[in-house]
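The next block holds one structure in the form of structure tokens; read it before the comments.
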Amino acid sequence: MNDSRLPDQFEVNGKLWKQAEIDRPFLRQFPRDDIRALAKYIHKVRQTTFPSLSWIGQSATVEGLITYILGEETKTDQNTPPVEEPVTLPVSPVSSPVETVMASNGETKAALDELKNVFGKLGLLSSDVNSAEVETVVDQKLGAFRGQLIADAGTKITEASTNLLDEVNGLKDEFAQVLSRSTIRVEIITPSNVVVPCGLQHKQMPQLLSLLMDRFHVALVGPAGSGKTRAAEEAAKALDTPFSAVSVGEETTKSELMGYMDAKGSYVRTALRERAEHGGILLLDEFDCGNANVATCLNALTANDKCGFPDGVLLDVSKKFSAIASLNTYGTGADRVYVGRNELDGATRDRFIFLDWGYDEALERELALRAFTECGGKRDEEGHNWVSYVQSVRKACEALKLRIIVSPRQSTAGCKLLGRGVFSRSQIEKLTIWKGTAKTEIDKVSAWLTANPTK
13 MNDSRLPDQF EVNGKLWKQA EIDRPFLRQF PRDDIRALAK YIHKVRQTTF
63 PSLSWIGQSA TVEGLITYIL GEETKTDQNT PPVEEPVTLP VSPVSSPVET
113 VMASNGETKA ALDELKNVFG KLGLLSSDVN SAEVETVVDQ KLGAFRGQLI
163 ADAGTKITEA STNLLDEVNG LKDEFAQVLS RSTIRVEIIT PSNVVVPCGL
213 QHKQMPQLLS LLMDRFHVAL VGPAGSGKTR AAEEAAKALD TPFSAVSVGE
263 ETTKSELMGY MDAKGSYVRT ALRERAEHGG ILLLDEFDCG NANVATCLNA
313 LTANDKCGFP DGVLLDVSKK FSAIASLNTY GTGADRVYVG RNELDGATRD
363 RFIFLDWGYD EALERELALR AFTECGGKRD EEGHNWVSYV QSVRKACEAL
413 KLRIIVSPRQ STAGCKLLGR GVFSRSQIEK LTIWKGTAKT EIDKVSAWLT
463 ANPTK
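By this note's numbering, the letter at position 186 of the sequence shown is numbered 198, and the numbering carries on one by one without gaps.
Dropping the structure here:
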């Protein structure tokens, strides 16, 4: 036999075995107890190599090896000399008597191939995915029909294979859900092949970094608390470039952005001037809160290589300058939730690439649980349950079209308060989520959650 997972020679129950000598005629001269011990050893080595497949029954695999070695399924007259044939023990990580039966049925064999593909995806899962969660999915879905296949293989192979196909498809869907809950870690490889780790980031950070490296000006559009401001700062750190931020409001003036000449005739510089002249990223926070006429002063800066400033300088805009605008709308005016937003001039909007920046629920959960632990939380399930509740309330408010913002800030704040242990759960809900919301609307959310339980 030739199995790379076994040593060239090994000892089992005091007997020394050599791989090169092991074939079917050679093994038949030994007592069944010796063959059983050998089969158990081989099985143990393979289970150690593939621990994620521990749901395969050990006795079934061992018996399958013994049956194969002794050739009992093809016994003939004892006087018939054995045919010399090298042993090729099963080497697939999912080999078992079940596979032997399944191989004779085309539909079931197709299901097995799909199953192997699913297990292949295990290696692609983020390290942040809870391994116990993945193992639970595997055990529940695969363990449910393993016994059925073994018991019914001879008489109900068609029914069993159909059930297997259904289970595999369900398993693939559940793995997709697990993958969707995984966080990402970003790293940048510089032209000199230096790897710059950026840590845990929003799922769309790679797209933002790509746009900034190509010197686009980017408008991040997303709900309150989706991490737009943090993303801009993290992007600057990742790209190792200076960062400045300007909060924009209804009363923000052109002078606050472009600078001005004071009473002594000296030019007062601004963050915008610094970044435009020396390079870096400028965040225009809450950009759709600003006056559209004031915002047009940025048009030359974000579209041309030159821009005039109040000190009379026609500035050559740095090639390393990029602007990020954070907005709750697309600059088309107020909506049902964000009533204080203004409409931006079309020419201003034309200068930016608009990137949707929604909630990253996997990142939300990770950051909230960290806060829970840092504040003294001892029971992980308590933090998990709170984050799940916040995310469910968010879905309810969206479905019911209620003017209630439920952002990741509620997840983090609630986890901190839970960790401290000063407030009760109901008090924390009032402090972080409801904030004076009418009881009728809270009742609507409760009814929706009852009718749509979290899976």
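Where a beta carbon is used, it is the ideal one built from N, C-alpha and C, also for glycine. Model, not experiment: these values are computed from the prediction.
Range covered by the alpha helix (DSSP H) that runs through isoleucine 454:
If you look at isoleucine 454, you'll find it in the alpha helix (DSSP H) that goes 451-463.
Backbone CA spacing between leucine 284 and alanine 244 [nearest angstrom]
C-alpha separation (whole angstroms): 15 Å.
If we count the other Cβ atoms within 10 Å of its Cβ and call it buried at 16 or more, is isoleucine 445 buried or exposed?
buried
Within 10 Å of its beta-carbon, does valine 399 have 16 or more other beta-carbons around it, so buried, or fewer, so exposed?
buried
For a test of the three-state rule: what should DSSP assign to glutamate 199, helix, strand or coil?
strand
Which runs of the alpha helix (DSSP H) fall wholly inside the region 291-329 and span at least 4 residues, in chain order?
304-307, 311-315
Considering only residues of the same chain and omitting the five flanking positions on each side of tyrosine 279, which have a CB-CB separation below 7 Å?
Gly271, Met273, Pro322, Asp323
For tyrosine 272, write down the residues that DSSP places opposite it in a beta bridge.
Val280
Given this structure, state the Cα-to-Cα distance separating alanine 383 from arginine 44, to the nearest angstrom.
Rounded to whole angstroms, alanine 383 to arginine 44 spans 60 Å at the Cα level.
Given glycine 8, which residues of its chain have a CB within under 6 Å of its CB, disregarding the five upstream and five downstream residues?
With the chain running from 13 to 467 in the structure shown, residue 8 is simply not present.
Under 7 Å, do histidine 229 and threonine 308 count as touching if we go by C-beta distance?
Not in contact: histidine 229 and threonine 308 (Cβ atoms no closer than 7 Å).
DSSP bridge partner residues for phenylalanine 333 (one or two, in chain order)
Gly292
For asparagine 340, count the other beta carbons within 10 Å of its own beta carbon; 16 or more makes it buried, fewer makes it exposed. Which is it?
buried
First and last residue of the uninterrupted alpha helix (DSSP H) at phenylalanine 384
That run of the alpha helix (DSSP H) goes 373-386.
Please state if the CB of valine 329 and the CB of alanine 288 are separated by a distance shorter than 7 Å.
yes
Could you tell me which residues DSSP pairs with threonine 344 in its beta bridges?
Glu355
Any 3 or more C-beta pairs closer than 8 Å across the region 405-419 and the region 383-397
no
Measuring CB to CB, does alanine 247 end up less than 7 Å from leucine 221?
yes
Hey, out of Arg421, Ser423, Thr385, Leu224, whose CA is closest to glycine 431's CA?
Thr385
Can you tell me whether valine 457 is buried or exposed? The criterion is at least 16 other CB atoms within 10 Å of its CB, across all chains shown.
buried
Collapsed DSSP secondary structure at aspartate 368 in the structure displayed
Three-state result, aspartate 368: strand.
How is glutamine 41 classed by DSSP in three states: helix, strand or coil?
coil
Do glycine 291 and lysine 332 have their C-beta atoms closer together than 7 Å?
Yes, the pair counts as a contact, with Cβ atoms nearer than the cut-off.
Burial state of glutamine 216 (16 or more Cβ within 10 Å):
buried
By the 10 Å Cβ neighbour count, where 16 or more other Cβ atoms means buried, how is proline 334 classified, buried or exposed?
Reading the sequence as shown, one finds serine at residue 334 and not proline. Serine 334 should be labelled buried.
May I have the straight-line CA-CA distance separating proline 465 from valine 198, to the nearest angstrom?
34 Å
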